[in-house]
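Novice: If you scroll down you'll find the structure; I have some questions about it.
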């Protein structure tokens with residue numbers, strides 16, 4: 002009996018309660034919007050309920066694992082992730098023009114999702130091992146560790162997931178001590194590149210112009226962002242309809258289950274990538290701001306956990322997990338409102354999908370593990 006009671010107490014203390022309360026609130030909000038997006042309680046609503054339950058279980062398991070154990074597992078998890086990506090490259094299954102899945106016989110998985118967690122774990126482990134003795138070479142090695150999975154995911158092609166993996170890994174490198182002076186030339190090159198893209202948009206978006214580094218569909222997504230009206234019934238349809246939905250919500254929204262763009266099937270992928278358009282149409286500007294405030298509080302809680310972490314590994318990993326949430330929200334809301342190209346990034350705890358929810362659940366569990374960890378003093 003004492004052993005069972007001890008286990009229950011340990012399970013309950015594994016949670017970071019402020020973070021858990023935020024997640025419960027966002028789960029309720031997410032399921033409410035999903036109910037409206039699907040128009041009732043069909044199989045997608047039931048599946049999403051199941052996905053939340055599975056994500057909660059994985060979050061709880063991750064929260065029970067102390068950071069020293071996570072740190073020891075990091076190189077092995079990273080190596081397994083890269084090996085699975087190589088398996089996708091040679092033996093992967095293709096669907097809708099992309100080779101992203103690997104059939105292991107008993108289950109079909111998308112290995113790129115686990116790299117969102119394993120890459121920052123590996124880099125946090127690396128910088129923890131070299132803290133106090135960091136050299137330029139160490140940052141180059143970290144860059145290679147990040148570039149390997151990023152390149153393999155881009156080759157699938159899956160630019161959205163690749164950007165998320167890159168962002169989560171880059172945050173670890175930056176928090177690890179990367180000098181801002183080294184970032185300035187990169188930032189300047191990005192600004193110049195974007196300016197050139199906008200200035201020469203008419204010329205470089207011609208069908209016979211090959212962008213070399215991007216696939217044709219990725220090129221058209223960027224060109225559609227610059228001028229959605231160039232193909233309003235084709236490649237620009239997603240962006241135009243989502244912007245109409247967001248704008249038609251006004252200040253207060255049209256009301257729950259009253260979104261015309263949503264329920265007349267004008268919003269494509271309304272349960273996944275474009276669910277923010279459903280939310281904004283029905284809850285308006287005030288509702289959208291409230292949702293962004295909730296995300297901001299969630300990110301702030303994660304950064305507070307990172308600031309109070311007792312190890313370099315914990316600080317870097319918690320900071321990366323927190324910023325991963327920021328990138329998710331920024332990219333998704335940006336593409337729905339027409340300021341970023343459509344790259345297939347879900348909105349955390351709102352979009353339908355089990356794999357993304359599982360990844361987010363593990364990330365939250367890691368934050369809870371770091372929050373409750375107290376090193377044993379000898």
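Numbering (our numbering), first residue to last: 2 to 379.
Don't be surprised by glycine CBs; every beta carbon is placed ideally from N, CA and C.
1) Work out the CA separation of residue 207 and residue 325 for me, nearest whole Å.
2) Quick one: complete alpha helix (DSSP H) runs, 4+ long, within the region 100-140?
3) How many angstroms separate the CA atom of residue 63 from the CA atom of residue 361?
4) In the DSSP assignment, find the unbroken alpha helix (DSSP H) run with residue 310 in it and report its ends.
5) Under three-state DSSP, which class holds residue 360?
6) Does DSSP put residue 94 in a helix, in a strand, or in coil?
7) Within its chain, find whatever has a CB closer than 6 angstroms to the CB of residue 42; leave out the 5 residues flanking it on each side and keep chain order.
8) May I ask which residues mark the beginning and end of the alpha helix (DSSP H) holding residue 58?
9) On the criterion of 16 or more Cβ atoms from any shown chain inside 10 Å, does residue 180 qualify as buried, or is it exposed?
10) In its own chain, which residues sit with a C-beta less than 7 angstroms from the C-beta of residue 355, not counting the 5 before and 5 after it?
11) Starting from residue 242 and walking both ways along the alpha helix (DSSP H), at which residues does that stretch end?
12) By a C-beta neighbour count over all protein chains shown, 10 Å radius and 16 as the cutoff for buried, is residue 197 buried or exposed?
13) Comparing C-alpha positions only, which one of 320, 315 and 278 sits nearest to residue 336?
14) Specify, as a first and last residue, the run of the alpha helix (DSSP H) that residue 175 falls within.
15) Considering Cα atoms alone, identify which of 77, 253 and 138 is closest to residue 288.
16) Find the nearest neighbour of residue 154 within the set 185, 189, 113 and 256, judged by alpha-carbon distance.
17) In whole angstroms, what separates the C-alpha of residue 72 from that of residue 286?
18) Going along the chain, which residues of its own chain have a beta-carbon closer than 8 angstroms to the beta-carbon of residue 414, five neighbours each way excluded?
19) Going by beta carbon distance, what residues of the same chain come within less than 6 angstroms of residue 205, once the five residues before and after it are set aside?
20) Start and end of the alpha helix (DSSP H) containing residue 31?
Specialist: From the atom records:
1) Distance between the alpha carbons of residue 325 and residue 207: 35 angstroms.
2) With a minimum length of 4 residues, the continuous alpha helix (DSSP H) runs that stay inside the region 100-140 are 116-130.
3) Their Cα atoms are separated by approximately 11 angstroms.
4) No alpha helix (DSSP H) holds residue 310; DSSP gives it neither H nor E.
5) Residue 360 sits in a helix when the DSSP states are folded into three classes.
6) Note: residue 94 maps to strand in three-state DSSP.
7) Excluding positions up to five away in sequence, the list is empty.
8) For residue 58, the enclosing alpha helix (DSSP H) stretches over residues 44-65.
9) A residue is called buried once 16 or more other Cβ atoms fall within 10 Å of its Cβ, and residue 180, having fewer, is exposed.
10) If we look at residue 355 and ignore the five residues flanking it on each side, its Cβ neighbours are 52 and 55.
11) Counting along the chain, the alpha helix (DSSP H) containing residue 242 begins and ends at 238-249.
12) With fewer than 16 Cβ atoms within 10 Å of its Cβ, residue 197 is classed as exposed.
13) Residue 336 has its Cα closest to that of 278, out of 320, 315 and 278.
14) It spans 160-176 - the alpha helix (DSSP H) in which residue 175 sits, taken as one unbroken run.
15) Considering only alpha carbons, the answer is 253.
16) The shortest Cα separation from residue 154 among 185, 189, 113 and 256 belongs to 113.
17) Their backbone Cα atoms lie some 42 angstroms apart in a straight line.
18) Because the chain spans 2 through 379 in this model, residue 414 falls outside it and cannot be assessed.
19) None.
20) It spans 18-39 - the alpha helix (DSSP H) in which residue 31 sits, taken as one unbroken run.
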